[in-house]
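Here the sequence shown stands for residues 5 to 124, where the numbers follow our numbering.
Take a look at the structure set out below.
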Amino acid sequence: PPPVWTSNTPSRATDSDKLLSVLRLSDLSTDEEDAIHCKMNKYEKKIDSLLNVVGTLKNEVKMPKVVGTGCVAKRLLEEQKDELDEVTQELVETEHENTVLRRNIERMKEEKDLTILQKR
């Protein structure tokens, strides 16, 4: 018997044409789906890449803030050190004045005692 594709039967030719047509459409839709999936994968990779860049940029923006915060903290520490130095100096002066006052009080007591002794 002759092969099916060489048959002169119109119904078989029509069936095989439909089958070929369906196969071609399904092949096309699979190719289109593959192309779409490929594009989607490319876009997803691009989005991931951009998100990574954004994350990196956010970290870079935070770095100067941290450095700036460090500068602020350093300035604050310097100001507190200056205040501490001033208070320490005031304490030294106050202790000196206190010592001088005690000596003066001791002298006054001694003078008073001497005066009392002399009056006797």
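Even for Gly, the Cβ is constructed at its ideal location relative to N, Cα and C.
Listed in chain order, the non-local C-beta contacts of Thr-34 below 7 Å within the same chain number zero, local neighbours out to five positions each way being set aside. Residue state for Arg-124 is assigned as coil, using DSSP reduced to three classes.
Taken atom to atom, the span from the alpha-carbon of Glu-82 to that of Ser-53 is near 43 Å.
Between Val-57 and Ile-51, the alpha-carbon positions lie close to 10 Å from each other. Inter-residue distance for Glu-101 and Gln-93 is about 12 Å (C-alpha atoms, whole angstroms). Take the alpha-carbon of His-41 and the one of Val-76: they are about 52 Å apart.
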